[in-house]
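In the working numbering, the protein residues as written are 14 to 548.
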């Protein structure tokens, strides 16, 4: 082994390491400076120096720090950027209102390139629910030919994503469509807890990115509740396994393969969350957290608390932006940090990780933090705009198609959840017509949906009902019906004389979980306690 020593001095601060020492090659020679005054030194002195070098070499090998040589840094910085629940958003446009919007991959790309220009170590991941949505992917799935590339996969490949985890909505169009998208992706698509009936992996469970000096592992997890929502034929032959048990098996594998940092990028949400979960600041305090009652669906906290060897979890699925949750009372018991990027590219989660070379030459996480960065005001990427223009033009034409006529205005959103409303009746009456049921249940997915007097277009219909959900008929009794309506009434806080309209809505309950019923008359008295409001 060939060494060049430059002031090989040891002190207490080096913890046994040699200061400013480099090693390279496989020969065992020593290069000394050739000063005239040293030319006549005796062979004995040269042997002393050789023994010194041999001692240094042996010490370095014994300590296992040969990699921490002169010129190689002992600290480095990693930035992880994450998106989630993009749902087909590319252009910063609301196709349902024809107005400019914020978010989408065009703005995300600009921000990603800014971060890449500042740091050589950037990992870009997505947390699923990419392929389905109400924007540029709708006409792709319904009108494009099979040879047309998936618009989201095309743009994500252009941006340079390092991985994507499967979300529950990835299965909405069946395994053939999903398989085509995976084949087109120029990045790994991962999920560890989706397996075939024989136990083999459906897709690769994880990916490990090699940055040269260090490696980062990304383990994909998908909410195991997919079979509850999805058509059986769309997930035929697949089994969704326990996320914690799955992660406990794979994380040690990733560490053994050299992953210095391990992330779980899981399309799954929160078993507990703040009452005011829609407010970013609420996530930094242990106060006022409540159980969500969705243990089968959401696993973020159990993954953090029960899987050793994980540094960061990127959560998703419930569309809420979460800057950072770190060790906090009985909520998060470990040093894992959790972040969540919100929805539709409105935010990007940014995780900053400081790495320090340990005593054995391996990189270790010295510090980490996360935040969510809003895309509002970010200039859209011209490269993405150009790459997706064909899909954008097709989408605009698709949404302009007329399908019916409205004889009057039908406001929706917030107002529709307080009063009888024609907008909700359109959905419920259509469902009653299709099924012959006695009662229909529907929810509004956005607060911006409305229909104006005149032609009703495809744009209006999809603005009203974004997701291609499956319509079911079930038999229930009167008690079950009352309990279901009472559950919807949790959408409102208890009313008092001091309660303002703005404070009336329980922001910890998503609007799409507030169901409105057709075929039964009822009223909600929000001055009464939860569970006693239906009159």
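Note that beta-carbon positions come from the ideal geometry of N, C-alpha and C, so glycine has one too.
Exposure of residue i, with buried meaning 16 or more beta-carbon neighbours within 10 Å
i	result
residue 59	Low confidence applies to residue 59: its pLDDT is 46, below 50, so where it sits in the model is not reliable enough to give any reading.
residue 148	buried
residue 245	exposed
residue 75	Confidence in residue 75 is poor, its pLDDT being 45 and thus under 50, which makes the residue's placement too unreliable to answer from.
residue 418	exposed
residue 431	exposed
residue 33	Any reading at residue 33 needs caution, since the residue's pLDDT is 30, under 50, leaving its predicted position unreliable; the model's value is listed next. That one is exposed.
residue 369	exposed
residue 485	exposed
residue 357	buried
residue 546	buried
residue 98	buried
residue 231	buried
residue 267	buried
residue 542	exposed
residue 303	exposed
residue 48	Confidence is the limiting factor: at residue 48 the pLDDT is only 40, short of 50, which leaves the residue's position unreliable and the question unanswerable from this model.
residue 404	buried
residue 492	exposed
residue 190	buried
residue 454	buried
residue 513	exposed
residue 446	exposed
residue 540	exposed
residue 94	buried
residue 324	buried
residue 392	exposed
residue 221	buried
Endpoints, the beta strand (DSSP E) within which residue i is located
i	result
residue 529	529-531
residue 279	274-280
residue 252	251-253
residue 285	285-287
Opening and closing residue of the alpha helix (DSSP H) in which residue i lies
i	result
residue 446	435-448
residue 402	402-412
residue 353	Residue 353 -> not in any alpha helix (DSSP H); beta strand (DSSP E) instead, spanning 350-354.
residue 257	256-269
residue 129	118-131
residue 135	Counting along the chain, residue 135 falls outside any alpha helix (DSSP H), though it belongs to the beta strand (DSSP E) covering 135-139.
residue 240	239-242
For residue i, the residue or residues it bridges with in DSSP
i	result
residue 423	464
residue 367	90, 380
residue 544	Per DSSP, none; premise fails for residue 544.
residue 550	Missing from the structure shown is residue 550; the chain here goes from 14 to 548 and no further.
residue 453	531
residue 233	278
residue 298	Residue 298 pairs with nothing; no bridge assigned.
residue 362	95, 385
residue 415	470
residue 106	113
Spatially closest choice to residue i from the options, by CA coordinates
i	options	result
residue 153	460, 447, 411, 471	411
residue 195	215, 311, 316, 131	215
residue 130	500, 488, 92	92
residue 106	472, 536, 516, 295	472
residue 136	274, 528, 263	274
residue 548	498, 523, 514	498
residue 183	221, 242, 311, 226	242
residue 341	298, 322, 360, 138	298
residue 236	354, 518, 221, 255	255
residue 217	185, 179, 226	179
residue 123	150, 172, 461	172
residue 115	327, 359, 313, 281	359
residue 212	250, 463, 151	250
residue 522	306, 141, 86	306
residue 293	320, 529, 385, 372	385
residue 104	332, 165, 333	165
residue 525	544, 480, 506	480
residue 310	296, 322, 423, 280	280
residue 206	96, 90, 258, 269	258
Please list the segments of the beta strand (DSSP E) lying wholly inside the stretch 141-227, counting only runs of 3 or more residues, in order along the chain.
List check, beta strand (DSSP E) in window: 176-178, 207-209, 219-223.
In chain order, which continuous runs of the alpha helix (DSSP H) of length 4 or greater are located wholly inside the stretch 467-541?
With a minimum length of 4 residues, the continuous alpha helix (DSSP H) runs that stay inside the stretch 467-541 are 471-477, 491-501.
Can you check the stretch 300-344 for any beta strand (DSSP E) of at least 3 residues that lies completely inside it and give the ranges in chain order?
Counting only runs of 3 or more, we get 302-304, 325-327, 334-338.
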